[in-house]
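The sequence shown runs 1228 to 1641 under the working numbering. Structure first, commentary second.
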Amino acid sequence: MMTVQQKLEILADAAKYDASCASSGAKRAGNGQGIGHSDGEGICHSYTPDGRCVSLLKILLTNVCTYDCVFCVNRVSSDIRRARFTPEEVVTLTLDFYKRNYIEGLFLSSGIIQSPDYTMEQLIQVAKTLRLVHKFGGYIHLKTIPGCDASLVRQAGLFADRLSANIELPTQQDLVQLAPEKKSAVIETTMDQIKVQKEEADEDRSRSSLAPKFAAAGQSTQMVVGATPATDREILSTATHLYGSYKLRRVYYTGFSPYPEADTRLPLKAAPLIREHRLYQSDWLMRFYGFEASELTSPDQPSLSLTEDPKTTWAKAHPEFFPVDVNTAPREALLRVPGIGYKNVERILRIRSYHQLELADLRKLHIRVNSSLTYITTVDHSPTIPTVGSSDLEPAAATQMDLFAPLSALTGAL
Ligand code: SF4
1228 MMTVQQKLEI
1238 LADAAKYDAS
1248 CASSGAKRAG
1258 NGQGIGHSDG
1268 EGICHSYTPD
1278 GRCVSLLKIL
1288 LTNVCTYDCV
1298 FCVNRVSSDI
1308 RRARFTPEEV
1318 VTLTLDFYKR
1328 NYIEGLFLSS
1338 GIIQSPDYTM
1348 EQLIQVAKTL
1358 RLVHKFGGYI
1368 HLKTIPGCDA
1378 SLVRQAGLFA
1388 DRLSANIELP
1398 TQQDLVQLAP
1408 EKKSAVIETT
1418 MDQIKVQKEE
1428 ADEDRSRSSL
1438 APKFAAAGQS
1448 TQMVVGATPA
1458 TDREILSTAT
1468 HLYGSYKLRR
1478 VYYTGFSPYP
1488 EADTRLPLKA
1498 APLIREHRLY
1508 QSDWLMRFYG
1518 FEASELTSPD
1528 QPSLSLTEDP
1538 KTTWAKAHPE
1548 FFPVDVNTAP
1558 REALLRVPGI
1568 GYKNVERILR
1578 IRSYHQLELA
1588 DLRKLHIRVN
1598 SSLTYITTVD
1608 HSPTIPTVGS
1618 SDLEPAAATQ
1628 MDLFAPLSAL
1638 TGAL
């Protein structure tokens, strides 16, 4: 019989493949003199709606699964050590960790046991017991099992801050190949139930603050990339569809990494990390910079460049759009200039209402002017107008966004 600690080792390790709650991956052991460390089994970090970074106990209820998704180490045909927590064990672990200040919340997912409904009931039982019996006020992120009954989605949303149903792979065709029990339509039905129930709950709360909250931090999803030949164009198109149809807060892109004795249908090599990074940059451009997915790749060039950021690639392909006059251009045009992030666009708009900007002003805003020089005019700067194919189109240095930088740094980088 396994101890809870042995189960924790297996089920925290099994949960690390789910990126739909962001994890910092920080690892710092205590030195015995100070207090605290970031090395706890299964502890990851995530962001609440108000921007706070919270540490979460990230575990699976079980890595037993009746499905056979080829890309997943927990699939039924995988020869791995299995474990299963009872809901009570997860409740106790969460409360223990919380009282010791190791965590501020719980991220709970699970393999499919018996049926989507049964699995979802088990996950809900954990959240319900924490909330109603122990009055737990910490953050809870529950995985929502696609295909479970709408009434269970409703209950999950009443107890969880965030829900996520994973789309898993970019296209239905990919699911047919690698996750035969999963269907895009079923997954999207669950996403739609979350969206509709959240809208109804938000409307009720606009009339009465006593009405219950439903998944206040919204929903997210995860897509594994690089396990199939799906292109970046297809991946971004699916992400656009999901954002538009189900009001997702985030799509997480996880590069496929091979594991021992994997199915021969899978690639032998891991997806390059930089590909994941370019997808996140593109995702950011779509959500905050007004780019359409279709602008960032083309039918002829369906893959994102691995050597330069997607905004620079777009700028090089559209010399007719530049130069952009920093002192007169509308917000939408400024947002398309490589090296100028959206916070700095707001600052530029504010400053120029009383002062014409020079390059020195941009430097004071910590804009990476070298990246922008080719694309802008200021009072004291006018670029040589480049022609298509000219090497003048090459910016001095391609900007690269650091995904794990603080939000302020990140927004200033693109
Ligand atoms: S449903 Fe598929 S992806 Fe999820 S745990 Fe089971 S095998 Fe893995």
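All C-beta atoms, glycine included, are put in the ideal place defined by N, C-alpha and C. Every value quoted in this text rests on a predicted model; they were computed, and no experiment measured them.
Please name the residue, chosen from E1519, S1509 and M1513, that lies closest to E1535 on a Cα-to-Cα basis.
S1509
Assuming Q1446 and S1378 are in contact, meaning their beta carbons sit under 8 Å apart, how far apart are those beta carbons, in whole angstroms?
The pair is not a contact, with the Cβ atoms about 17 Å apart (cut-off 8 Å).
Indicate the three-state DSSP secondary structure (helix, strand or coil) for D1245 in the structure shown.
coil
Compute every distance between the C-beta of N1301 and the non-hydrogen atoms of the ligand SF4, then say whether any falls below 7 Å.
yes
Using 8 Å for Cβ pairs, my map puts V1572 next to L1586. What's the rounded Cβ distance?
Incorrect: roughly 16 Å between the Cβ atoms, too far for contact.
Cβ-Cβ separation, K1409 to E1395 (assumed contact under 8 Å), whole Å:
6 Å
Specify whether the segment 1305–1320 and the segment 1280–1294 touch according to this definition: at least 3 beta carbon pairs, one from each stretch, less than 8 Å apart.
yes
Pair within 8 Å by beta-carbon distance, D1485 and P1494
Position check: residue 1485 holds Pro in this sequence, whereas Asp was assumed. Going by C-beta atoms, P1485 is nearer than 8 Å to P1494.
For the segment 1525–1575, list the alpha helix (DSSP H) runs that are entirely contained and at least 4 residues long, ordered along the chain.
1537–1544 and 1558–1561
Just the C-alpha distance for Y1325 and V1360, rounded to the nearest angstrom, thanks.
15 Å
Any chance the CB of I1394 is under 7 Å from a heavy atom of the ligand SF4?
no
Taking the beta strand (DSSP E) that Q1446 belongs to, which residues open and close that run?
Q1446 to V1452
Cα-Cα separation, V1297 to R1514
31 Å
Taking the C-alpha atoms as reference points, what is the distance between G1568 and G1482?
26 Å
With 16 other CB atoms within 10 Å as the buried threshold, where does Y1366 fall?
buried
For the ligand SF4, I want to know if C1375 counts as a neighbour, meaning its beta carbon is within less than 7 Å of at least one of the ligand's heavy atoms.
no
Excluding sequence positions up to five away, which residues of its chain have a Cβ less than 6 Å from the Cβ of A1406?
C1296 and E1395
If I measure Cβ to Cβ from T1398 and keep anything under 8 Å in the same chain, skipping five residues before and after, which residues do I get?
S1411, T1455, A1457, E1461 and T1465
Can you determine whether any heavy atom of the ligand SF4 sits closer than 7 Å to the C-beta of I1237, and answer yes or no?
no
Sequence-distant residues of the same chain with beta carbon closer than 7 Å to S1336, five excluded per side:
A1242, D1245, L1287 and K1370
Keeping to the same chain, check which residues put their C-beta closer than 8 Å to that of S1599; ignore five residues upstream and five downstream.
V1564, P1565, G1566, I1567, L1589 and P1622
Length of the line joining the Cα atoms of L1402 and N1554:
49 Å
Hey, is L1495's beta-carbon within less than 8 Å of any beta-carbon in chain D?
Absent here is chain D; the protein component of the structure consists of one chain.
Can you check DSSP and say which residues form a bridge with V1478?
T1448
Please return the same chain residues whose Cβ sits closer than 8 Å to the Cβ of E1488, not counting the five positions on each side in sequence.
D1306
Could you please give the first and the last residue of the uninterrupted alpha helix (DSSP H) stretch that includes A1598?
In the sequence on display, residue 1598 carries Ser and not Ala. V1596 to S1599 is the extent of the alpha helix (DSSP H) around S1598.
Closest by CA to D1527, which one among L1533, G1471, A1387 and D1459?
D1459
Let me check you understand the geometry: is the CB of I1462 closer than 7 Å to at least one non-hydrogen atom of the ligand SF4?
no
So who's on the other strand from I1367, going by DSSP bridges?
L1333
Length of the line joining the Cα atoms of L1357 and V1380:
17 Å
Hey, I1339 and Q1382: beta-carbon distance below 8 Å or not?
no
Does the distance between the C-beta of C1271 and the nearest non-hydrogen atom of the ligand SF4 fall short of 7 Å?
no
With 16 as the cutoff for other CB atoms within 10 Å, does H1504 come out buried or exposed?
buried
Using only the alpha-carbon positions, how far apart do E1415 and N1393 sit?
9 Å
Just the C-alpha distance for E1236 and R1308, rounded to the nearest angstrom, thanks.
11 Å
Among A1556, K1570, L1562 and I1594, which one has its Cα closest to the Cα of S1580?
A1556
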